[in-house]
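Visitor: The structure that follows is given in the form of structure tokens.
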Amino acid sequence: MGARTGIGLLIAILSLGLTAFAPQSVSDYRLASGDNVRIDVFGEAALGGEFVIDANGRIALPLIGEVQAAGLTGAQLQDAVAQALSQGYLIQPRVTAQVLTYRPIYILGEVNRPGEYPYLPDLTVLNAVATAQGFTYRANTRRVFVRRAGSRVEEAQPLTADARVSPGDTLRIGERYF
């Protein structure tokens, strides 16, 4: 294998590890159960409010009832609510939707306070560990096991300063062997 091929292969392998923690932009964030959203309908304050997405992925709105929210972006939820309101209730409704609080994250293993913690935008694994009162003396500080929301697979990832957490993730800090 030539030097160029070897370097290209090394870069490809390293970039695969980094994509697992690539931050998700706010505009493409997909809503899910447990997210708290605010819906505002311009000129109709009684039709808006704060809503928690239920276990079925829906929010219950005044007048129109349940609307599917899980799996949608904020812009898609706005469109879905506006569409439902335009079906005999309002003419050209103007709707805004924003995420107020995200699904919690879970931090397990070799941290001083394992448990459920609120997700904050741009949260890193190291910030999450700090929220859980830091590593125990037995913690493996070189890697973290991550199970993404909706996945049943836990993946070992290198623990780097820029490793990002997404809403609903479960982080497990393993034990070091010596």
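If you want the working numbering, it's the position in the sequence shown, counting the first as 1, plus 862.
Where a beta carbon is used, it is the ideal one built from N, C-alpha and C, also for glycine.
Let me make sure I understand the geometry here. Which of A931, T958, R1004 and Q938 has the alpha-carbon closest to that of F904?
Guide: Position 42 of the sequence shown, counting from 1, holds the residue named residue 904. It is T958.
Visitor: Classify N918 as helix, strand or coil using the three-state DSSP reduction.
Guide: Taking the sequence shown and counting its residues from 1, the one referred to as residue 918 is at position 56. It is coil, neither helix nor strand.
Visitor: Return helix, strand or coil for T993, following the three-state DSSP convention.
Guide: Locating residue 993 in the sequence shown gives position 131, counting from the first residue. If DSSP states are grouped into helix, strand and coil, T993 belongs with the helices.
Visitor: Report yes if the C-beta distance between P936 and Q960 is below 8 Å; otherwise report no.
Guide: As a working mapping, residue 936 is identified with position 74 in the sequence shown. As a working mapping, residue 960 is identified with position 98 in the sequence shown. Per the sequence shown, the amino acid found at residue 936 is Gly instead of Pro. The answer is yes: Cβ separation under 8 Å.
Visitor: Tell me the DSSP bridge mates of Q960?
Guide: Your numbering for residue 960 matches position 98 in the sequence shown. Per DSSP, R900.
Visitor: So does the segment 964 to 976 actually touch the segment 1031 to 1040, counting three or more Cβ pairs closer than 8 Å?
Guide: As far as the Cβ criterion goes, the segment 964 to 976 touches the segment 1031 to 1040, which means the pair count is three or higher.
Visitor: What does the Cβ neighbour count give for V1027, buried or exposed, with the cut at 16 atoms within 10 Å?
Guide: Position 165 of the sequence shown, counting from 1, holds the residue named residue 1027. Buried, by the Cβ-count rule.
Visitor: State the DSSP-derived secondary structure class of G936, mapped to helix, strand or coil.
Guide: Translated into the one-based positions of the sequence shown, residue 936 becomes position 74. G936: helix per DSSP, three-state reduction.
Visitor: Please report the distance separating the alpha-carbon of R1005 from that of F913.
Guide: Position 143 of the sequence shown holds residue 1005. Position 51 of the sequence shown holds residue 913. Taking the straight line from one Cα to the other gives about 37 Å.
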